[in-house]
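Residue numbers (UniProt numbering): 1 to 161. These notes are about the structure you will find just below.
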């Protein structure tokens, strides 16, 4: 177990909440502290931590790996931050992108031509982790003269498809 500042603060908050609850049951301080010390890890790991994981949008991030991108689509979302923030594909040709990411799953809409453009490649990233998330994440690569000039991530509401 890694003792991070966040973990310690959350454990202390849990301890205070348990102690305040136990204090309403009995007035003896030594008993309150003893019961609170014993119950704090139980409350934290079986109540607080699972709820935190369900309602937070935290997810692990992975470095981009072309093989994992193609064989494990569930990991795509974890690689997307590096792709967008580091402009991994900027300057790459369509054939290079196709080799790394595979064929585009769909073309994006271009208002200039009022149609789906073969210069806007989109890839499905899946859903962001979290219990209340209804947004599907997508990655779009925009080409000019068959070279990537921009990559960005956007959300698509799952009720619309």
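The C-beta atom is built at its ideal place from N, Cα and C for all residues, glycine as well.
Let me make sure I understand the geometry here. Which of the options has the alpha-carbon closest to that of residue i?
i: residue 15; options: 42, 146 and 79; result: 42
i: residue 105; options: 126, 111 and 61; result: 126
i: residue 93; options: 134, 151 and 146; result: 146
i: residue 156; options: 136, 148, 149 and 29; result: 136
i: residue 140; options: 133, 33, 26 and 110; result: 110
i: residue 91; options: 27, 36, 38 and 142; result: 142
i: residue 61; options: 74, 79 and 132; result: 79
i: residue 99; options: 66, 2 and 19; result: 66
i: residue 76; options: 63, 85, 86 and 87; result: 63
Tell me, which residues are paired with residue i by DSSP?
i: residue 142; result: 120 and 150
i: residue 107; result: 121
i: residue 156; result: 136
i: residue 115; result: 110
Going by DSSP in three states, residue i sits in which element: helix, strand or coil?
i: residue 93; result: strand
i: residue 127; result: strand
i: residue 137; result: strand
i: residue 2; result: coil
i: residue 86; result: coil
i: residue 40; result: helix
i: residue 99; result: helix
Would you check if the distance between the CB atom of residue i and the CB atom of residue j is smaller than 9 angstroms?
i: residue 120; j: residue 107; result: yes
i: residue 101; j: residue 70; result: yes
i: residue 39; j: residue 18; result: yes
Taking the beta carbon of residue i as the centre, do at least 16 other beta carbons fall within 10 Å, making it buried, or is it exposed?
i: residue 32; result: buried
i: residue 25; result: exposed
i: residue 83; result: buried
i: residue 154; result: exposed
i: residue 4; result: exposed
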